[in-house]
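The listed protein sequences derive, respectively, from chains A and B.
The numbering of the first sequence is the working numbering, which starts it at 58 and goes up by one.
The numbering of the second sequence is the working numbering, which starts it at 2 and goes up by one.
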Amino acid sequence: MKRFLLVVLAVLLLSGVGFAQQTIKIGGIFDLTGATGDVGAPYADAARDYIKYVNKHGGVNGKQIELIDTDYAYKIPQAVASYKDMQSKGVIAILGWGTGDTEAMAPMIANDKIPYLSASYSEHLVFEKTPYNFICGTTYSDQARLALRWIKDTWKDKKRAPRVALIYNDSGFGRSPIQDAEDFAKKIGVEIVDKEIVGLRDLDATTQLLNMQKKKPDFAINQHTIMATATILKDAKKLGLKNKFIGLNWTFSEKLIEMAGKSL
Amino acid sequence: MPFAFWTETKVKGVRFMHKVRKEVTGKDEPQPVNYTQGFIGAYLLVEALKKAGNNLTGENIKKVLETNKFDMMGLSADIAYKPELRKPNLSAKMYVIKKGKIEPLTGFLKY
Chain A
58 MKRFLLVVLA VLLLSGVGFA QQTIKIGGIF DLTGATGDVG APYADAARDY
108 IKYVNKHGGV NGKQIELIDT DYAYKIPQAV ASYKDMQSKG VIAILGWGTG
158 DTEAMAPMIA NDKIPYLSAS YSEHLVFEKT PYNFICGTTY SDQARLALRW
208 IKDTWKDKKR APRVALIYND SGFGRSPIQD AEDFAKKIGV EIVDKEIVGL
258 RDLDATTQLL NMQKKKPDFA INQHTIMATA TILKDAKKLG LKNKFIGLNW
308 TFSEKLIEMA GKSL
Chain B
2 MPFAFWTETK VKGVRFMHKV RKEVTGKDEP QPVNYTQGFI GAYLLVEALK
52 KAGNNLTGEN IKKVLETNKF DMMGLSADIA YKPELRKPNL SAKMYVIKKG
102 KIEPLTGFLK Y
């Protein structure tokens, strides 16, 4: 009997069953070179660093993690192709990136039951219709609500409501919090006086800022990444705009100080 | 801003992030806040995988994410999803750039 057990164990090990269980495959769909690569590259660096660290310290429950990652350059078809490739390789979860691609893939993700932890913080991804999407930060809509609440709570002029403009880019990411911000502003008594669209890679926002200036906002809430934010702040300084700018999370990092320079 | 900056060394998670970066790459140059965000994603997934044990199906990982509170060591507010509303949290801080430096303007805000 003892000899039989030994033979069975040996066969299991040689068949590879034992080895296959030692690795956990996860995916990483990152933007290193596309329109949001300025903020995507350090994001990917951190994910890779932490997985290496975990593996170095024994992995997860004794199993090593294999991170299969790719640069999809912020292109939705490329994200879909990468997702399918990762799924065929047997990943059990994916670290994803942008709003447009994550929202487009949400039905596939739900169907395949692959938990998808994205860097898109779009509020469209938190309800029951996208059951396998998990966002890893406060939603863009909630960030806008928090900013509006802060504006309202710190506003001193009792004669009128604060006036706010919204600046965003015309992508799923850019549009994501706009309607929610407008609805919340109305609810708490903040006036939305203007909406302006500036492209993620635009190097000039003068026209949009001149339009905005005519509406006399006290604040402008900005939904962008760093590159466009630097453009907006430089042009605002050049035009002598007096309103304050509040950026949602992707507008703001140490790199903005380098890029926007004296306009801050 | 819902995430901690590299320079906020009073935050436990930031000190841990410094340790990881140094140990893995041998470098300790400052990283932008987007590094914190990527760290949070990977850290959260690893914590969920640990709790999932040997049952590494999508269904079980989802269940683990939806039924636990995850201590993010101050890198962000703690994360706690619900099945019907998978918002990780509802708060963020405001920061201001003053004389070329990023300084906190508020604590974690709520609306």
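All residues carry an ideal CB built from backbone N, CA and C; glycine is no exception.
In this text the structure is predicted, and so the values were computed from the model without any measurement.
Reduced DSSP secondary structure (H/G/I, E/B, other) of residue i
| i | result |
| --- | --- |
| K100/B | coil |
| V117/A | strand |
| G231/A | helix |
| S310/A | coil |
| F6/B | coil |
| E248/A | strand |
| R220/A | strand |
| V111/A | helix |
| N61/B | helix |
| D259/A | coil |
| G75/A | Reliability of the predicted coordinates at G75/A is poor, the pLDDT of 40 falling under 50, and no value is obtained from them. |
| N56/B | coil |
| L66/A | Only weak support exists for where L66/A lies, its pLDDT of 43 falling under 50; the value from the coordinates is given anyway. If DSSP states are grouped into helix, strand and coil, L66/A belongs with the helices. |
| G297/A | coil |
| T288/A | helix |
| Y100/A | helix |
| P31/B | coil |
| G318/A | helix |
| P274/A | coil |
| A92/A | coil |
| A163/A | helix |
| D106/A | helix |
| E185/A | coil |
DSSP bridge partner residues for residue i (one or two, in chain order)
| i | result |
| --- | --- |
| Y225/A | I254/A and Q280/A |
| T80/A | Q121/A |
| L110/B | A93/B |
| T127/A | I86/A |
| Y173/A | I151/A and N190/A |
| P105/B | Y96/B |
| L86/B | K83/B |
| F241/A | The partner list for F241/A (beta bridge, DSSP) is empty, contrary to what the question assumes. |
Beta strand (DSSP E) segment containing residue i, residue limits
| i | result |
| --- | --- |
| G153/A | That residue, G153/A, is in no beta strand (DSSP E); it is neither H nor E in DSSP. |
| N190/A | N190 to I192 |
| K209/A | No beta strand (DSSP E) holds K209/A; the alpha helix (DSSP H) holding it covers Y197 to T211. |
| K301/A | K301 to G304 |
Candidates the options, of which the one nearest residue i by Cα
| i | options | result |
| --- | --- | --- |
| S175/A | G97/A, W212/A, K213/A and K243/A | G97/A |
| K88/B | K20/B, A78/B, V97/B and M95/B | A78/B |
| Y102/A | I86/A, H114/A, K113/A and G115/A | The displayed chain sequence assigns Asp, not Tyr, to residue 102/A. Checked all of I86/A, H114/A, K113/A and G115/A; the closest Cα to D102/A is I86/A. |
| S228/A | A161/A, L205/A and V148/A | A161/A |
| P274/A | L257/A, K295/A, K301/A and D292/A | K301/A |
| V247/A | A262/A, W207/A and G231/A | W207/A |
| A130/A | N112/A, N118/A, G155/A and K120/A | G155/A |
| S177/A | N168/A, R202/A, K170/A and I151/A | I151/A |
| L296/A | K215/A, A136/A and N268/A | N268/A |
| T26/B | Q79/A, D106/A and G157/A | D106/A |
| K243/A | S233/A, K209/A, K215/A and L124/A | K209/A |
| T288/A | A317/A, N306/A, K299/A and I245/A | A317/A |
| Y36/B | K252/A, Y100/A and D88/A | Y100/A |
| K82/A | L89/A, D88/A and V117/A | V117/A |
| Y189/A | L86/B, K102/B and Q32/B | L86/B |
| C193/A | R16/B, E24/B, A49/B and T10/B | A49/B |
| A293/A | V148/A, D261/A, T211/A and G256/A | D261/A |
| K146/A | N226/A, T80/A, T263/A and P234/A | T80/A |
| F191/A | V34/B, V15/B, L45/B and V12/B | L45/B |
| F230/A | I108/A, L305/A, D169/A and L89/A | L305/A |
| K120/A | K83/B, N69/B, N56/B and V65/B | N56/B |
| S92/B | A81/B, K99/B and K102/B | A81/B |
| F71/B | V47/B, K100/B and K28/B | V47/B |
| E24/B | L89/A, I108/A, I249/A and D88/A | I108/A |
| K132/A | D214/A, T263/A, P164/A and D88/A | D88/A |
| P134/A | G157/A, Q270/A and I149/A | G157/A |
N- and C-terminal bounds of the alpha helix (DSSP H) containing residue i
| i | result |
| --- | --- |
| F71/B | Neither: F71/B is in no alpha helix (DSSP H) and is coded neither H nor E. |
| G14/B | K13 to T26 |
| K52/B | V34 to A53 |
| K271/A | T263 to K271 |
| S139/A | I133 to S145 |
inquiry  = I want to know whether the stretch 53 to 64 of chain B touches the stretch 35 to 43 of chain B - three or more CB-CB distances under 8 Å.
reply    = no
Stretch pair the stretch 76 to 96 of chain A + the stretch 270 to 285 of chain A: three plus CB contacts closer than 8 Å: yes
Report task. Check whether the stretch 306 to 314 of chain A touches the stretch 2 to 14 of chain B, taking contact to mean three or more Cβ pairs, one atom from each stretch, closer than 8 Å. Result -> yes
- prompt: Three or more beta-carbon pairs under 8 Å between the stretch 188 to 202 of chain A and the stretch 224 to 238 of chain A, yes or no?
  reply: yes
Margin query: With a threshold of 8 Å, are at least 3 pairs of Cβ atoms found where one atom belongs to the stretch 219 to 228 of chain A and the other to the stretch 105 to 112 of chain B?
Written below: no
Contact between the stretch 180 to 187 of chain A and the stretch 64 to 78 of chain B (3+ Cβ pairs under 8 Å): no
message: Quick check: the stretch 134 to 144 of chain A against the stretch 105 to 122 of chain A, are at least 3 beta-carbon pairs closer than 8 Å?
response: no
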